[in-house]
Amino acid sequence: MELLEINEFVKNNNNDLNISCNTRINDAITYNDFFTQYLIKNEPCVFKSGITNQWPCVNNWVFNNAPNFKHLKKLYGSCQVPVANCKIKYYNAQLKDEMTIEKFMDYWQEYRNKNYTTDMPVLYLKDWHCLRDNPGDLFYKVPKYFASDWLNEYYLAHPQFSDDYMFVYMGPKGSWTPLHVDVFTSFSWSANIVGKKRWLLFPPGEENNLRDTHGHLLYDIDSPEQDNFWSGSNKALEIIQGPGEIVFVPSGWHHQVWNLEDTISINHNWINGCNILNVWKELKKALLAVMKEIADCYNMDNWKSQCQTILKASHGMDYLQFYDFLSFIIKKRINSINNNKPCTNSDTREFGVNHILFDLKRAKFVLSYLIVDSKDNDIYDIVFRDNRPENLIECIDAILI
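Using UniProt numbering, read the sequence shown as starting at 1 and increasing by one per residue.
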């Protein structure tokens, strides 16, 4: 069992930006150095190939440096998967449908054999919960650098949600993902199993220079219309990601991604003590937007509860679930300290004491904000109901002092 430790107790979340770190790093870097140089500083980086070498999917899903279509159909042929049509815009995303892996692989082989003809659609399999749909199929192992993952730790401990933020992406050359920021402003990591991608990343705040006159984010940074808003900002970071390499995308960095070759990747969205404050700020911002949008209905019964319902539908999480999420992380770590028991993630990696203390401090910091904001918006009793969060604050303080 590997121990994930932070050698020094990190007191501040330093968000100073320095995007000179586009140089690649390798798995010789310690967890502590990755934590202090990239996670805390919220800076992107690329891990050179090597980490993925022992993953079963690297052997099973690849043949002659291309997707192993035959084997993928054999393994997952009947699975229903979400597929985007990269040629059809749907609001500020791409039109999605579902098809079986077998049908998608047949399309992909035909498209490849016809030399990616413009007469065919450009389809991209995105956000497939392959691990959830095929439990026990351990085709990869989460790198230790990304193991402190509150988001998937929470969802995997709550199977009733039938959800997670662990995905497989598969797409032919020319498929792409429009400009966006990741859900909840989470971190993400993306490992190429085969193929090559081009990434364009923009540090937090730069997206304000990438909006049209109506405030809408650009759909495609390469489209002619973007020339009025962006002309190669020196704050943009371009990455060409090769096979076996892993891109770390920090919290709140907008990005657009193109498949330069037939590509398969494994992607996770994740949250931990380093970006939980950003996640909270985005949730608070989303609630304010909902309240503003339906302000004319303020006098309706249960207006405040309705705002939470809309928030959950539009943002993916409301204040009630956010508190449940935070309290799960806090209670698990308090239990570890008080009972001198190991605290592990879903991958059996154990967190060191300093790591647990860091998690508790960051969770307490955000929970305090959640309490204040809930009182200011007069939704304290809606969010916390019979659970008084001040009790959790006291339990954390008893450990931290």
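Think of the CB as a built atom: it goes at the ideal place given N, C-alpha and C, for glycine as much as any other residue.
Put simply, of 220, 341, 224, 355 the residue whose alpha carbon is nearest the alpha carbon of residue 94 is 220. Counted as a single uninterrupted DSSP element, the stretch harbouring residue 169 is not any alpha helix (DSSP H) but the beta strand (DSSP E) occupying residues 166-171. Annotated three-state conformation of residue 60 is helix, per DSSP. Cβ atoms of residue 160 and residue 197 stay farther apart than 8 Å, at about 35 Å.
The three-state reading of DSSP puts residue 95 in strand, counting E and B together. The beta-carbon separation of residue 345 and residue 147, rounded to 5 Å, stays under the 8 Å limit for a contact. Following the DSSP letters along the chain, one finds residue 198 inside the beta strand (DSSP E) bounded by residues 197-202.
Contact annotation: residue 86 and residue 122 have beta-carbon atoms nearer than 8 Å.
DSSP, read as helix, strand or coil, puts residue 127 in strand. Under the rule that a run must span 3 or more residues, no beta strand (DSSP E) segment is found entirely inside the region 275-307. Taking residue 120 as the centre and dropping the five residues before and after it, the same chain places the C-beta of 111 closer than 6 Å to its C-beta, in chain order. Taking the Cα positions, residue 305 is about 27 Å away from residue 91. The C-alpha of residue 348 lies about 13 Å from the C-alpha of residue 157.
Here residue 176 is bridged, per DSSP, to 258.
In the DSSP annotation of this structure, residue 395 is not part of any beta strand (DSSP E); the continuous alpha helix (DSSP H) holding it starts and ends at 390-400. A straight-line Cα-Cα distance of about 15 Å links residue 162 and residue 325. Contact check for residue 167 and residue 133: beta-carbon distance about 11 Å, past the 8 Å limit, so the pair fails to qualify.
Annotation: residue 109 is outside any beta strand (DSSP E); the continuous alpha helix (DSSP H) that includes it extends over 101-113. Proximity to residue 204 across 137, 270, 278 peaks at 278, based on C-alpha coordinates. In terms of CA proximity to residue 64, 262 leads the group 267, 262, 188. Straight-line measurement puts the Cα of residue 271 at about 25 Å from the Cα of residue 398.
Out of 96, 332, 173, the CA that lies nearest to the CA of residue 117 is found in 173.
Between the C-alpha atoms of residue 145 and residue 152 there is a straight-line separation of about 15 Å.
By the criterion of a C-beta distance shorter than 8 Å, residue 82 is surrounded in its chain by 96, 97, 98, 125, 126, 127, 128, once the five residues flanking it on both sides are discounted. Straight-line measurement puts the Cα of residue 46 at about 38 Å from the Cα of residue 392. The C-alpha of residue 307 is placed about 24 Å away from the C-alpha of residue 180.
Shown here, residue 186 sits in coil according to DSSP, grouped into three states, outside any helix or strand. Between the region 283-300 and the region 200-215, the count of Cβ pairs shorter than 8 Å is below three; the stretches do not touch.
Where residue 326 is concerned, the enclosing alpha helix (DSSP H) starts and stops at 319-338. In terms of Cα proximity to residue 382, the closest of 23, 323, 137 is 323. The DSSP-derived three-state label of residue 76 is helix. Annotation: residue 150 is outside any beta strand (DSSP E); the continuous alpha helix (DSSP H) that includes it extends over 150-156. Using a C-beta cut-off of 8 Å, the region 32-43 makes contact with the region 244-251, since at least three inter-stretch Cβ pairs fall below that distance. Per DSSP, the continuous beta strand (DSSP E) segment holding residue 47 begins and ends at 45-47.
The distance from the Cβ of residue 275 to that of residue 187 is about 6 Å, consistent with a contact at the 8 Å cut-off. Within its own chain, the residues whose Cβ lies closer than 6 Å to the Cβ of residue 24, once the five positions on either side in sequence are excluded, are 46, 48, listed in chain order.
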